[in-house]
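Beneath this line is the structure, given in structure tokens, with notes to follow.
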Amino acid sequence: MKEQIEEANGKLGILIPGLGAVATTMIAGVEAVKKGLAQPVGSLTQTGNIRLGKRTENRYPKIKDFVPLASLNDIVFGGWDVYSDNVYEAAVNAKVLELGLLQPIQSELEKIKPMKAVFDKDYVRNLDGKHVKEAATKYDLALAVMEDIENFKKENDCSRLVMVWCGSTEKYIEEADVHQNIYSFEDGLRNNDPLISPSMIYAYAAIKKGVPFANGAPNLSCDITALVDLAKELGVPIGGKDFKTGQTLMKTILAPGLHARSLGIRGWFSTNILGNRDGLVLDDPDNFKTKEVSKLGVLEDILQPELSPELYGDLYHKIRINYYPPHGDNKESWDNIDIFGWLGYPMQIKINFLCRDSILAAPIVLDLALFFDLAKRANMSGIQEWLSFYFKSPQTAPGLRPEHDIFKQLIKLQNTLRHIMGEDLITHLGLDYYQDLVESL
């Protein structure tokens, strides 16, 4: 498969619906790294290593030196937002990064100005931006986004594009008849069907233009049947959903460990306080439900209580998110975990994670953009489950249980990279080392 991968020649355009705290933190970070002002900590594509061959071979190259990823120097950024602030102004307003870091890259950030966004207040009631597209139908809005994509590619001399949704969480809806196939979906666009969200319009436009699409929010988007089928038909990589940061990151690290040791869990209570735009949006019950569904599924899929009802069958899992403006982007989460061990004796674990939401999400956006571009050049179309490592609610083939264990997700990601580059997969069995030793005696 290695010889089939197109080289990453020319510029890669990263298009982002939603130039808020996450997107501007990522863009500013890339520009700062390019100038040697900071390090890309948290980015697997930039700082991660991958083992090749046997442990005795001592081959551990950087991932960016192993697979043909786009260089940071070849990336250009664009996007859409409901507010007209350029990326520098938006980054200052987000209050994630200090002015001391932003000012040396001010000129680069000021050049990135948002295009008018596709916006439906019914899907995000707590936002009220005015920098939005006007059109008679949702189909016309999709055509307008396609025109934006074409113009951006031409004006910035890009050879390739990817799109990563960094917009706000939309209200909770379930898949309906309008989402079942591309014909009903396009009819719905023309008839302004209320069950077609802005994120679906962006996903549709991207797929139709051959642009890989990753959904960083928990709402229904490119995972509807119509868009999954369209992506497969047109050979476009898609995936999601909901960037794995903060509290859920901790769950996918800790829960696999408890499960591995066959320790029981009676209850897991999680609460958060968050004061940025995401917190404001999630203060609406309909939008919170979308996030809640995404977060609740993690433990069930890791622990599989139907297989071990004596350990996890009565698990009580509760999640709360509270809007608290004084904290801004500095999300604070508390977890109380009631576990039990040998002979049923109870124990507790307490976690207080004082994280920075956008600092954790920014490298995810970069990695997804680079890996989705790689997938397109490697002719890997449709759902990219190998990138589940980055998502709270990984998109999978119909009927397939998602894998939430972060360690298994990493093995899957690394083995996919080994596979496309013609290297042996690593199972971690290791028996051959000892068999070789026995045969030598």
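With the working numbering, the residue at position 12 of the sequence shown is 631, and numbering never jumps.
In this text, a Cβ means the ideal position worked out from N, Cα and C, and glycines have one as well.
Problem - Contacts around Thr-1015, its chain only, beta-carbon distance under 6 Å, and the 5 residues preceding and following it disregarded - result: By one-based count along the sequence shown, residue 1015 stands at place 396. The beta carbon of Thr-1015 sits closer than 6 Å to the beta carbons of Glu-1004 and Pro-1021 from its chain, once the five residues preceding and following it are set aside; these are given in chain order.
Exercise for the section: Step through the CB atoms of chain D and report whether any lies within less than 7 Å of the CB of Ala-825. Expected result: Looking for chain D here will not work: only one protein chain is present.
Exercise for the section: Give me the Cα-Cα distance between Tyr-931 and Ile-826, rounded to the nearest whole angstrom. Expected result: Here residue 931 corresponds to residue number 312 of the sequence shown, with the count starting at 1. Here residue 826 corresponds to residue number 207 of the sequence shown, with the count starting at 1. The alpha-carbon atoms of Tyr-931 and Ile-826 are separated by roughly 41 Å.
Problem - Where the beta strand (DSSP E) through Asn-955 begins and ends - result: The count along the sequence shown starts at 1 and reaches residue 955 at position 336. For Asn-955, the uninterrupted beta strand (DSSP E) segment begins and ends at 951-959.
Practice task
Please classify Ser-927: is it buried, with 16 or more other beta-carbons within 10 angstroms of its beta-carbon, or exposed?
Solution key: Within the sequence shown, residue 927 is the residue found at index 308, counting from 1. Classification of Ser-927: exposed, given that the 10 Å Cβ count is below 16.
Handout entry: Rounded straight-line distance, which links the Cα of Glu-650 to that of Glu-708
Key = Here the question's residue 708 lines up with position 89 in the sequence shown. Here the question's residue 650 lines up with position 31 in the sequence shown. As the crow flies, the alpha-carbon of Glu-708 is around 15 Å from that of Glu-650.
Problem - Span of the alpha helix (DSSP H) around Gln-574 - result: Since the displayed the chain opens at 620 and closes at 1060, residue 574 lies outside it and no answer follows.
Practice task
State yes or no: is the C-beta of His-1038 within less than 7 Å of the C-beta of Thr-871?
Solution key: Locating residue 1038 in the sequence shown gives position 419, where the first residue counts as 1. Locating residue 871 in the sequence shown gives position 252, where the first residue counts as 1. No.
Problem - First through last residue of the beta strand (DSSP E) which encompasses Tyr-679 - result: On the sequence shown, residue 679 is found 60 positions in, with the first residue counted as 1. Note, Tyr-679: premise wrong, no beta strand (DSSP E); not H, not E.
Handout entry: Proximity to Val-751 [Cα-Cα], best of Thr-643, Val-660, Pro-636 and Gly-1018
Key = The residue labelled residue 751 in the question sits at position 132 within the sequence shown. Closest option to Val-751, Cα to Cα, is Pro-636.
Practice task
Could you have a look at Arg-597 and say whether DSSP puts it in helix, strand or coil?
Solution key: Residue coverage of the chain in this structure runs from 620 to 1060, which leaves residue 597 outside it and unanswerable.
Practice task
Give the single residue among Lys-828, Glu-774, Asp-903 and Leu-846 whose Cα lies nearest to the Cα of His-798.
Solution key: As a working mapping, residue 798 is identified with position 179 in the sequence shown. When Lys-828, Glu-774, Asp-903 and Leu-846 are compared, the shortest CA-CA separation from His-798 is found for Leu-846.
Exercise for the section: Please determine, among Asp-767, Val-781, Pro-680 and Arg-744, the residue with the shortest C-alpha to C-alpha distance to Phe-832. Expected result: Here residue 832 refers to the residue found at position 213 when the sequence shown is read from its first residue. With distances taken between CA atoms, Phe-832 lies nearest to Val-781 out of Asp-767, Val-781, Pro-680 and Arg-744.
Exercise for the section: Return the bridge partner residues of Cys-777 from the DSSP annotation. Expected result: In the sequence shown, the residue the question calls residue 777 occupies position 158. Answer by DSSP bridge pairing, in chain order: Lys-630.
Exercise for the section: Please go through the same chain and pick out, in chain order, the residues whose beta-carbon is closer than 6 Å to the beta-carbon of Gly-854, but skip the five residues on each side of it. Expected result: For this step, residue 854 is matched to residue 235 along the sequence shown. Spatial neighbours of Gly-854 in its own chain (CB-CB distance under 6 Å, excluding positions within 5 residues in sequence) are listed in chain order as Ser-1000.
Practice task
Identify, in the order they occur along the chain, each residue of the same chain with its Cβ nearer than 8 Å to the Cβ of Leu-728, setting aside the five sequence neighbours on each side.
Solution key: As a position in the sequence shown, residue 728 is number 109, starting the count at 1. Closer than 8 Å at the Cβ level, and outside the excluded window around Leu-728, lie Thr-643, Ile-646, Ala-647, Glu-650, Asn-705, Val-706, Tyr-707, Ala-710 and Leu-721.
Exercise for the section: Just the C-alpha distance for Gly-898 and Gly-858, rounded to the nearest angstrom, thanks. Expected result: For the purposes of this step, residue 898 is identified with residue 279 of the sequence shown, where counting begins at 1. For the purposes of this step, residue 858 is identified with residue 239 of the sequence shown, where counting begins at 1. Gly-898 and Gly-858 have their alpha carbons spaced roughly 24 Å apart.
Exercise for the section: Would you mind listing the beta strand (DSSP E) stretches within the stretch 760-825 that are 3+ residues and don't spill past its ends, in chain order? Expected result: Counting whole runs of 3 or more residues, the stretch 760-825 contains the beta strand (DSSP E) stretches 777-784.
Problem - Three CB pairs or more closer than 8 Å across the stretch 984-993 and the stretch 948-962 - result: Contact between the stretch 984-993 and the stretch 948-962 is absent, because fewer than three Cβ pairs lie under 8 Å.
Handout entry: Extent of the continuous alpha helix (DSSP H) run through Ile-978
Key = Looking up residue 978 in the sequence shown gives position 359. 976-996 is the extent of the alpha helix (DSSP H) around Ile-978.
Problem - Endpoints, alpha helix (DSSP H) assigned at Pro-659 - result: As a working note, residue 659 is residue 40 in the sequence shown. Boundaries for Pro-659: no alpha helix (DSSP H) harbours it, and the DSSP string shows neither H nor E there.
Exercise for the section: Specify whether the stretch 1027-1038 and the stretch 659-676 touch according to this definition: at least 3 beta carbon pairs, one from each stretch, less than 8 Å apart. Expected result: As far as the Cβ criterion goes, the stretch 1027-1038 touches the stretch 659-676, which means the pair count is three or higher.
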